[in-house]
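At position 550 of the first sequence (counting the first as 1) the number is 550 in full-length UniProt numbering, and the numbers step up by one without a gap. Backbone N, C-alpha and C fix where the C-beta goes; we use that ideal spot for every residue, glycine too. These notes concern the structure reproduced below.
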Amino acid sequence: MYELLSEPIRRYVREKKWDSLRPIQSASIQKVMQSEDNLILASRTASGKTEAAFLPILSRVNFNDPGVQVLYISPLIALINDQFIRVQELCEHLDVPVTKWHGEASQTLKNKLVSDPRGVVLITPESIEAMLVNSEYKAKGLFSNLKFIVIDEIHAFLGTDRGKQLQSLIFRLRQFNTGNVRVIGLSATIGSFEQAKEMVGPVDSTRILRDTTGKEIETEFKYFEQGNLTELPLALLKDLYLSVCNSKVLIFPNARGTAEEVAVKLHKISQKVGGHPYYFSHHSSVHKELREYIEAFAKNNVRYPFAIACTSTLELGIDIGSVDRVVQINATHSIAGLIQRIGRSGRRNDETSKLSLYATDPWNLLQGIACITLFKREGFVEPIEYTEKPYDIFLHQALAQVRQVSECTQEELIHKLSINSSFKFIPPDEMKEIVTHLQQTDLLELIGGKLIIGVEGEKIVNTKDFYSVFQTEPLFKVQVQDKPIGEIPYSYLTKVDQNILLAARIWKIIDIDIRAKRITVIPAMDGKKPVFSGFGGEVHPKIRQEMLRLLITDAEMPPMSEDAAEAIRQLKLEFEHYKIEDFEVDRPLRVQVKDMYWYSFHGTRVNGSLSFLFDVAGITHERWDLESKFKFDAGDFELIIQKAMKAYDVLEPYLVSAVEKDPALLSFSKFGAYLPLKYQVHLVRDKRFDFAGAMDFLSTAHTSSIHTHTNS
DNA sequence: GACCTGCTGCGGACTG
């Protein structure tokens with residue numbers, strides 16, 4: 001395939017002294033050079049996807065044509081800065097200018113590009129939105145002669161609001177391109193590609209090039225019981241220290257606070273025993289410059305071992321080189337996330353990836369094992385959840401498009417939105433109803449037959465927060481009387497009388513000053529556990545089913561420490577007498593004197609929906625998601641199931657009143673609150689719950705009961 | 001029991 005490349009690009013490949021092109025690169029070169037298809041290039045991290053896209057694109061495009069020829073879109077500024085260096089190096093051979101265009105990029109260089117639009121531009125979705133909304137003429141001047149759009153890390157957009165927005169932005173860019181714009185998405189290996197196809201363009205002209213060769217994954221599981229401790233067990237930290245002190249490792253503890261704890265404590269142990277000082281933490285609350293320093297250290301350092309305790313900030317494709325081992329503390333919520341993390345390890349191409357999972361309770365251990373066994377046995381990765389009717393993104397894009405053209409008729413607006421594939425499942429009469437509602441609420445205004453942004457709309461559109469569709473929480477200062485004790489994100493859970501955990505103590509909120517962003521607290525008198533939860537990660541039903549299978553059968557388990565094996569043995573003992581044959585439907589029920597416990601072994605969303613149905617039916621219960629366990633008063637369980645199923649018939653009014661009473665139910669959506677109520681309810685139902693799944697489960701579930709006389 | 005992501009255009013002060 002090398003022969004298909006242009007001479008300057010061949011020279012680049014020769015200078016790089018690569019032994020050969022990677023499979024994904026050869027496949028991509030052929031399809032980019034010899035077809036007009038849109039492409040999805042899917043292969044694991046660090047397999048040369050950027051080059052796979054850019055080598056043939058740069059060979060094929062004539063950069064003497066007017067306007068920007070190639071638009072590269074990335075979900076992260078950090079990734080743009082990272083890729084800029086690589087793309088620039090490639091483009092030097094062709095004398096093609098490369099320009100970064102994001103909020104932190106040089107205004108001078110952006111202005112220079114506007115006066116002489118050429119070459120390659122690296123941009124974020126929000127910067128595209130801002131340009132379209134504020135100065136359509138600029139976007140037209142730059143981007144009306146595009147040949148290629150490259151979307152990096154496209155899996156990070158799939159199934160998200162930001163992805164829907166990006167899909168719409170690509171559509172809007174295509175609108176003023178008369179020629180064909182080809183789109184190439186770069187992706188990690190993911191469960192399904194249908195949505196990726198939707199995003200890049202017409203489904204039938206999109207090809208998927210997939211390099212499935214993965215690295216071997218070597219796992220070990222360890223167990224250190226945490227019990228009621230709020231901090232990690234000392235034995236875990238000591239074991240972890242010994243296992244990582246001479247290697248380059250990433251440690252993922254699932255939470256920012258724990259990441260800090262791990263970094264600080266490992267460093268302390270290292271100081272005591274005269275080990276290396278390279279222990280870092282990397283997450284969103286760590287200052288940006290420090291994060292960049294850590295990334296550069298990891299990438300450029302060859303001599304020293306290091307450990308970075310981090311969150312998902314190090315899951316995406318920023319180049320930090322490769323590490324020897326990845327440590328996961330407790331289970332991830334998704335297999336997709338776990339695989340991304342594991343992919344960071346294995347120094348050379350042919351070397352195995354190494355994962356150590358440290359669990360602090362038996363259910364987390366079981367979930368971690370279930371994720372790995374499912375992936376290894378079936379290659380299972382969660383399919384992407386698809387929202388057919390993203391009414392809130394529709395509303396955002398309606399406002400954006402009116403602002404983009406300053407004024408247009410209602411018919412023109414509806415037409416633009418109707419032909420936009422992002423909203424193809426929203427029928428025109430629903431579009432009209434929403435646009436009419438926007439006029440009634442002064443977000444839009446009809447003047448002389450033309451729609452313009454209304455008085456209330458100006459407040460939303462005329463702020464820089466308008467360009468992104470994801471919700472962010474501002475940080476609030478927390479103080480006792482006048483003494484500040486820290487900062488927490490303000491969310492719907494932050495209410496007067498609510499208990500919060502901060503600076504290792506429990507507090508009760510007595511006042512919230514929204515304008516001053518200040519929360520006043522007093523020490524909490526009751527020892528009640530602070531409620532921080534709400535909607536955490538969602539675990540897929542298949543993982544829970546696999547957990548049940550591992551408990552009930554003598555299925556082979558991956559290698560684990562003696563303590564881990566013992567924890568699993570104990571858990572299996574609890575379930576050994578239930579008669580579970582069909583893992584889809586047979587579920588354990590433990591009946592005690594006063595209470596009974598039912599294990600659904602189902603996904604987070606169905607469990608939440610079951611809980612809502614029990615509430616509607618007036619059934620008192622408690623719920624634990626990790627164990628997928630429900631507690632009821634002892635009684636007739638069949639009657640509970642029947643009542644819950646009947647509750648489904650009267651569900652709608654309960655949902656409507658829940659959304660009306662508690663706007664927090666919609667807190668996942670930045671613009672949802674501006675919709676008519678019925679569409680708000682639809683969004684809540686669609687994104688938060690799975691009532692169909694819950695009903696399906698209730699109608700088929702069988703219980704296997706065991707009666708005990710204790711009441712522990 | 002979570003984690004993460006991004007941001008215009010203008011006027012005015014200041015620097016070299």
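Endpoints, the beta strand (DSSP E) within which residue i is located
{"i": "residue 707", "result": "702 to 707"}
{"i": "residue 193", "result": "Per DSSP, residue 193 belongs to no beta strand (DSSP E) and is neither H nor E."}
{"i": "residue 522", "result": "518 to 523"}
{"i": "residue 632", "result": "629 to 633"}
{"i": "residue 187", "result": "182 to 187"}
Contacts around residue i, its chain only, beta-carbon distance under 6 Å, and the 5 residues preceding and following it disregarded
{"i": "residue 252", "result": "328 and 341"}
{"i": "residue 269", "result": "241"}
{"i": "residue 492", "result": "Residue placement at residue 492 cannot be trusted, given a pLDDT of 48 that sits under 50; what the coordinates show is reported in the next sentence. So the qualifying residues of the chain are 664 and 667."}
{"i": "residue 199", "result": "167"}
{"i": "residue 184", "result": "39, 53 and 150"}
{"i": "residue 696", "result": "none"}
{"i": "residue 354", "result": "218, 325 and 345"}
{"i": "residue 211", "result": "23, 24 and 43"}
{"i": "residue 112", "result": "none"}
Cβ separation of residue i and residue j, assumed to be a contact under 8 Å, to the nearest whole Å
{"i": "residue 332", "j": "residue 236", "result": "Not confirmed; about 18 Å, so no contact."}
{"i": "residue 564", "j": "residue 222", "result": "6 Å"}
{"i": "residue 591", "j": "residue 555", "result": "At roughly 27 Å, the Cβ-Cβ gap does not stay under 8 Å, so residue 591 and residue 555 are not in contact."}
{"i": "residue 520", "j": "residue 451", "result": "Not a contact, Cβ separation roughly 44 Å."}
{"i": "residue 676", "j": "residue 415", "result": "Incorrect: roughly 21 Å between the Cβ atoms, too far for contact."}
{"i": "residue 72", "j": "residue 32", "result": "No, residue 72 and residue 32 are not in contact; Cβ-Cβ is about 14 Å, not under 8 Å."}
{"i": "residue 9", "j": "residue 59", "result": "5 Å"}
{"i": "residue 136", "j": "residue 405", "result": "7 Å"}
Continuous alpha helix (DSSP H) stretch holding residue i: start and end
{"i": "residue 549", "result": "541 to 552"}
{"i": "residue 1", "result": "Unbroken run through residue 1: none, as it is neither H nor E."}
{"i": "residue 267", "result": "256 to 273"}
{"i": "residue 70", "result": "Careful: residue 70 lies outside any alpha helix (DSSP H), inside the beta strand (DSSP E) at 70 to 73."}
{"i": "residue 54", "result": "49 to 60"}
{"i": "residue 42", "result": "That residue, residue 42, is in no alpha helix (DSSP H); its beta strand (DSSP E) goes 38 to 42."}
{"i": "residue 29", "result": "23 to 34"}
{"i": "residue 639", "result": "637 to 647"}
{"i": "residue 14", "result": "7 to 16"}
{"i": "residue 688", "result": "677 to 688"}
Cβ neighbours of residue i in the same chain (closer than 7 Å, five flanking residues each side left out)
{"i": "residue 386", "result": "159 and 195"}
{"i": "residue 698", "result": "641, 644 and 645"}
{"i": "residue 141", "result": "114 and 117"}
{"i": "residue 12", "result": "90 and 93"}
{"i": "residue 508", "result": "497, 499, 521, 522 and 524"}
{"i": "residue 1", "result": "21, 26, 29 and 30"}
{"i": "residue 388", "result": "425"}
{"i": "residue 654", "result": "616"}
{"i": "residue 547", "result": "366, 367, 370 and 601"}
{"i": "residue 192", "result": "383 and 384"}
{"i": "residue 596", "result": "589, 590, 632, 634 and 637"}
8 Å CB neighbourhood of residue i in its chain, flanking five on each side removed
{"i": "residue 504", "result": "Residue confidence is low: residue 504 scores 36 on pLDDT, short of 50, so the model does not pin down where it sits. Its coordinate-derived value is still stated next. 230."}
{"i": "residue 34", "result": "4"}
{"i": "residue 190", "result": "42, 155, 158, 196, 336, 381 and 384"}
{"i": "residue 650", "result": "616"}
{"i": "residue 145", "result": "65, 66, 67, 68, 69, 177 and 179"}
{"i": "residue 702", "result": "582, 585, 586 and 587"}
Check: For the 8 Å Cβ check, are there 3 or more pairs between the stretch 37 to 51 and the stretch 93 to 101?
Finding: no
Next item on the list: For the stretch 409 to 495, list the beta strand (DSSP E) runs that are entirely contained and at least 3 residues long, ordered along the chain.
Entry: 444 to 447, 450 to 453, 475 to 480 and 483 to 489
Margin query: Check whether the stretch 461 to 476 and the stretch 427 to 434 are in contact - that is, three or more C-beta pairs closer than 8 Å.
Written below: no
Next item on the list: State whether the stretch 310 to 320 contacts the stretch 215 to 235, with contact taken as three or more CB pairs (one from each stretch) at a distance under 8 Å.
Entry: no
Item checked: Completely contained beta strand (DSSP E) runs for the stretch 78 to 165, where each covers 3 or more residues -> 98 to 101, 120 to 123 and 148 to 151
Notebook entry, point to check: Which whole runs of the beta strand (DSSP E) in the UniProt domain "Helicase C-terminal" (236 to 392) are 3 residues long or more, in chain order?
Noted result: 248 to 252, 279 to 282, 306 to 310, 325 to 329 and 353 to 359
Margin query: Quick check: the stretch 296 to 314 against the stretch 275 to 283, are at least 3 beta-carbon pairs closer than 8 Å?
Written below: yes
Notebook entry, point to check: Are there three or more Cβ pairs, one per stretch, closer than 8 Å when the stretch 699 to 706 is compared with the stretch 589 to 605?
Noted result: yes
Checklist line | Validate contact between the stretch 608 to 615 and the stretch 577 to 586 using beta carbons, cut 8 Å, 3 pairs | finding: no
Next item on the list: Would you list, in sequence order, the uninterrupted beta strand (DSSP E) runs of no fewer than 3 residues that lie entirely inside the stretch 206 to 239?
Entry: 206 to 210 and 217 to 223
Next item on the list: Would you check if the stretch 367 to 378 and the stretch 209 to 228 touch, i.e. whether three or more CB-CB distances between them fall below 8 Å?
Entry: yes
Margin query: Does the contact criterion of 3 or more C-beta pairs under 8 Å hold for the stretch 390 to 399 versus the stretch 452 to 469?
Written below: yes
Checklist line | Given 8 Å, three or more beta-carbon pairs between the stretch 121 to 132 and the stretch 165 to 179 | finding: yes
Item checked: Runs of alpha helix (DSSP H) wholly within the stretch 563 to 625 (minimum 4 residues, chain order) -> 604 to 616
Checklist line | Length-filtered (4 minimum) alpha helix (DSSP H) runs lying within the stretch 647 to 672 | finding: 651 to 661
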